[in-house]
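A.B. asks: To convert, count from 1 in the sequence shown and add 308; that's the working numbering. Glycine is no exception: its CB is placed at the ideal position from the N, C-alpha and C atoms.
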Amino acid sequence: MKAIIFDFDGVIHDTFDFHLRNVRELFGVDIPEQDFRDIHNGRFFDLASNTLSGADWKAYRDRIRDDMSNLEIHGETRDFLLDLTKRFYLFIVSSGSTFIITEYLKKNGVDSAFTRILGLNADGHDTKVDKFGYILQNYDLTADQCLFVTDTLGDILDAKEAGIRTIAIDTGYHDRETLLIGQPHAIISKLNELHGILDSIEI
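#1: Quick check: the Cα distance between D279 and H493, rounded to an integer number of angstroms?
#2: To the nearest whole angstrom, what separates the beta carbons of Y397 and Y442, a pair I think is in contact under 8 angstroms?
#3: Count the other CB atoms within 10 Å of the CB of I416; is the residue buried (16 or more) or exposed (fewer)?
#4: What does the alpha-carbon distance come out to for the pair G427 and H503?
#5: Alpha carbon to alpha carbon, what distance is there between F314 and S420?
#6: Mind listing, in chain order, the continuous alpha helix (DSSP H) runs of no fewer than 4 residues lying wholly within the stretch 313-380?
#7: Pick from Q445, D459 and T460: whose alpha carbon is nearest that of Q453?
#8: Out of K366, A363 and D317, state which residue places its alpha-carbon closest to the alpha-carbon of Y481.
#9: With distances taken Cα to Cα, identify the nearest neighbour of E411 among R373, D434, S402 and V437.
#10: Suppose you measure from the CA of N429 to the CA of D370; what does that come to, to the nearest Å?
#11: So for V437, helix, strand or coil by DSSP?
#12: Within the continuous alpha helix (DSSP H) that includes G383, where are the two ends?
#13: For L428, which of helix, strand or coil comes out of DSSP?
#14: Suppose the cutoff is 7 angstroms on Cβ atoms and the five residues either side in sequence are ignored; what does the same chain contact list for V319 look like?
#15: Going by beta-carbon coordinates alone, are D387 and F326 separated by less than 9 angstroms?
#16: Judging by CA-CA distance, which residue of G383, T450 and T435 is the nearest neighbour of N500?
#17: Quick one: measure Cβ to Cβ for M309 and L413, integer angstroms, because I've assumed they're closer than 8 angstroms.
#18: What residues in its chain sit with their C-beta under 6 angstroms from that of R473, if we drop five residues either side in the sequence?
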């Protein structure tokens with residue numbers, strides 16, 4: 309194992325309530341909580357186009373930029389990420405704004421932990437499968453040398469398509485029952501539980 313790829317929302321920071329509140333306010337829709345979770349059962353922007361038709365995602369990113377980049381990382385999460393850099397290359401693959409995620413990491417003192425952050429491109433259409441492929445090609449890695457940590461079923465399915473093992477965390481956007489549908493390698497409830505799994509995989 310050489311690299312760990314992290315999703316951002318729901319993994320490094322639990323942003324579910326933050327995004328649900330802002331989506332409701334900006335788009336003027338009273339989207340039910342479960343419907344918002346279900347948008348993440350597949351590729352977010354594909355499913356969101358049905359539930360939130362006509363949503364202006366650029367305006368949304370502009371609106372949340374300052375508030376989201378100023379969120380404070382949990383101390384245990386920061387220490388955990390910095391510790392992992394002693395053993396692995398770390399990446400972020402997200403559907404969120406690269407700029408906002410980078411600002412968040414800088415303000416929380418963990419930007420140096422990550423080799424590359426691959427968030428939403430300007431056109432908003434690149435899939436996570438594409439981003440996994442970019443990492444493998446440009447950083448001389450094979451799929452079996454990588455592990456992806458996420459909290460959604462849609463991400464598990466994308467990682468499976470790319471041939472990358474997934475560890476799911478059940479305290480983010482999706483519960484354990486939903487995550488099991490994608491058959492991840494393992495399911496955890498806290499990031500630091502990843503240590504034992506990493507040790508068993510390396511052995």
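C.D. replies: In brief:
#1: Look at the range of the chain in this structure, 309 to 511, and you will see that residue 279 is not part of it.
#2: Actually they do not touch by this definition, with Cβ atoms about 14 angstroms apart.
#3: With the sequence shown as reference, residue 416 is identified as Asn, and Ile is not the correct amino acid for it. Looking at its Cβ environment, which holds 16 or more other Cβ atoms inside 10 Å, N416 is buried.
#4: Rounded to the nearest angstrom, the two C-alpha atoms are 25 angstroms apart.
#5: Each residue's Cα considered, the two are about 15 angstroms apart.
#6: Secondary structure within the stretch 313-380: the alpha helix (DSSP H) runs of 4 or more consecutive residues, fully enclosed, are 324-335, 341-346, 352-359 and 365-377 (chain order).
#7: For the residues Q445, D459 and T460, the minimum Cα distance to Q453 belongs to Q445.
#8: Here the closest residue by C-alpha is D317.
#9: For E411, the closest of R373, D434, S402 and V437 by C-alpha to C-alpha distance is R373.
#10: If you take the alpha carbons of N429 and D370, they lie about 15 angstroms apart.
#11: Residue state, collapsed to three classes: helix.
#12: Unbroken alpha helix (DSSP H) run through G383: G383 to L392.
#13: Strand at L428.
#14: Excluding its 5 nearest sequence neighbours in each direction, V319 has C-beta neighbours in its own chain below 7 angstroms: V457, T458, D459, I477 and G480, listed in chain order.
#15: In this structure, F326 does not lie closer than 9 angstroms to D387 by Cβ.
#16: Minimum Cα distance to N500 is reached at G383.
#17: Not a contact, Cβ separation roughly 22 angstroms.
#18: Closer than 6 angstroms at the Cβ level, and outside the excluded window around R473, lie L455 and H493.
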